[in-house]
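Some notes on the structure that comes next.
Protein chains in written order, with the numbering used here: chain A, 9 to 191; chain B, 9 to 191.
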């Protein structure tokens with residue numbers, strides 16, 4: 009098995025704001041912590057992505073406490089971080105060049121949210137030629153209301169975003185399946 | 009209202025292959041034809057994207073009849089075309105540079121499929137700073153089966169991909185709503 013980098017996307021305190029609505033998969037953060045621990049124990053590369061929003065209402069603006077990493081995903085000093093202000097971690101960051109320079113061609117993506125930054129990042133990664141795995145239960149989504157006025161549950165948004173990536177942009181695996189591949 | 013370009017993504021014959029499964033919104037092509045007609049009548053910019061797959065099993069490989077544009081979306085000789093082999097029309101094509109040179113900052117996206125190339129293209133367009141509208145009933149999706157073995161209907165895949173774009177990456181409008189804005 010190639011040695012993939014773990015890409016940890018937007019695991020930040022501001023995404024706990026109640027007005028964001030109902031979220032699925034409360035275990036996402038603990039699964040991310042498990043995967044981070046495995047990557048660190050094996051000395052594999054870890055890259056952290058931090059959303060620094062320019063939107064007036066975002067809890068992820070750089071000057072707000074919500075911009076901080078959650079405890080489960082706090083970077084070690086030696087681990088690489090990129091900051092972004094859009095959804096895909098590849099746009100405006102130099103992430104692709106960083107990975108190419110280190111001959112990293114395989115990425116395992118975790119973080120928030122399934123439908124926005126995780127999906128956008130996985131799609132760009134695949135289109136740029138990286139081999140991508142997204143960990144189904146190490147990401148999560150929020151409920152949302154469509155242009156049609158219909159409310160879609162967080163679980164449906166999560167599942168259908170994963171199925172839309174599966175096969176076309178990436179492989180979907182659970183945390184347990186991923187850890188077994190190292191065993 | 010700014011004068012947006014109509015970006016017509018992958019309206020190609022190969023997507024009628026029965027093995028692709030059940031599709032929603034059989035009216036997508038006729039709505040695309042309506043919008044193309046309006047854009048042409050008003051002399052607004054139209055850009056066509058043609059998928060030229062490198063995948064062995066794809067009906068959109070350049071040497072196959074399925075690579076051809078459908079009648080409803082056939083480019084006029086004077087209209088710009090870009091060919092791509094990945095999902096986002098912005099990766100590897102020079103599309104962003106083409107639009108910037110012409111000072112086009114607003115895009116209306118139609119075509120196939122909601123969950124793959126339309127979503128990927130809308131996401132990249134927004135992340136690159138374009139103002140984006142996706143036309144809900146001028147795109148369509150296929151049913152798909154997830155990593156979890158669950159089958160998701162084409163309509164659910166379509167709707168949840170649109171709601172995942174809405175507000176974050178673009179505005180969603182119907183063909184009728186879009187045409188009314190010109191009236």
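We put the beta carbon where it would ideally sit given N, CA and C, even for glycine.
Nonlocal neighbours in the same chain, by C-beta distance under 7 Å from residue i, ignoring five residues either side
| i | result |
| --- | --- |
| residue 21(B) | 73, 74, 76, 78 |
| residue 70(B) | 60 |
| residue 166(B) | 32, 33, 122, 148, 149 |
| residue 62(A) | 93 |
Separation of residue j from residue i, as counted between CA atoms
| i | j | result |
| --- | --- | --- |
| residue 183(A) | residue 120(A) | 15 Å |
| residue 188(B) | residue 115(B) | 17 Å |
| residue 177(A) | residue 28(B) | 17 Å |
| residue 67(B) | residue 125(B) | 15 Å |
| residue 12(B) | residue 52(B) | 7 Å |
| residue 49(B) | residue 140(B) | 21 Å |
| residue 158(B) | residue 86(B) | 45 Å |
| residue 57(A) | residue 99(A) | 12 Å |
| residue 160(B) | residue 160(A) | 14 Å |
| residue 40(B) | residue 185(B) | 13 Å |
| residue 190(A) | residue 134(B) | 37 Å |
| residue 130(A) | residue 106(A) | 16 Å |
| residue 17(B) | residue 42(A) | 40 Å |
| residue 172(B) | residue 108(B) | 26 Å |
Whole-number beta carbon distance between residue j and residue i, since they are thought to touch under 8 Å
| i | j | result |
| --- | --- | --- |
| residue 138(A) | residue 113(A) | 6 Å |
| residue 32(A) | residue 128(A) | So it is not a contact: roughly 19 Å between Cβ atoms. |
| residue 19(B) | residue 81(B) | 4 Å |
| residue 132(A) | residue 132(B) | 7 Å |
Cutoff 8 Å: residue i Cβ touching any chain A Cβ
| i | result |
| --- | --- |
| residue 155(B) | yes |
| residue 176(B) | yes |
| residue 24(B) | no |
| residue 132(B) | yes |
| residue 117(B) | no |
| residue 108(B) | no |
| residue 61(B) | no |
| residue 124(B) | yes |
| residue 18(B) | no |
| residue 180(B) | yes |
With 16 other Cβ atoms within 10 Å as the buried cut-off, status of residue i
| i | result |
| --- | --- |
| residue 153(B) | exposed |
| residue 37(A) | buried |
| residue 156(A) | exposed |
| residue 64(A) | exposed |
| residue 92(A) | buried |
| residue 94(B) | buried |
| residue 45(A) | exposed |
| residue 111(B) | exposed |
| residue 7(A) | Given a span of 9 to 191 for chain A in the structure shown, any question on residue 7(A) remains unanswerable. |
6 Å Cβ shell around residue i - same chain, five flanking residues per side excluded
| i | result |
| --- | --- |
| residue 180(B) | 142, 144, 170, 174 |
| residue 15(B) | 55, 115, 117 |
| residue 136(B) | 104 |
| residue 30(A) | 151, 162 |
| residue 83(B) | 56, 89 |
Any chain E beta carbon closer than 8 Å to residue i
| i | result |
| --- | --- |
| residue 160(A) | The structure shown contains no chain E; the protein chains it does contain are A and B. |
Neighbour flag for residue i against chain B, beta carbons, 8 Å
| i | result |
| --- | --- |
| residue 171(A) | yes |
| residue 94(A) | yes |
| residue 143(A) | no |
| residue 167(A) | yes |
| residue 136(A) | yes |
| residue 128(A) | yes |
| residue 164(A) | yes |
| residue 99(A) | yes |
Other residues of its chain near residue i: CB distance less than 8 Å, five sequence neighbours each side excluded
| i | result |
| --- | --- |
| residue 35(B) | 145 |
Any non-hydrogen atom of the ligand GDP closer than 7 Å to residue i Cβ
| i | result |
| --- | --- |
| residue 78(A) | Among the components modelled here there is no ligand, and therefore nothing to report on the ligand GDP. |
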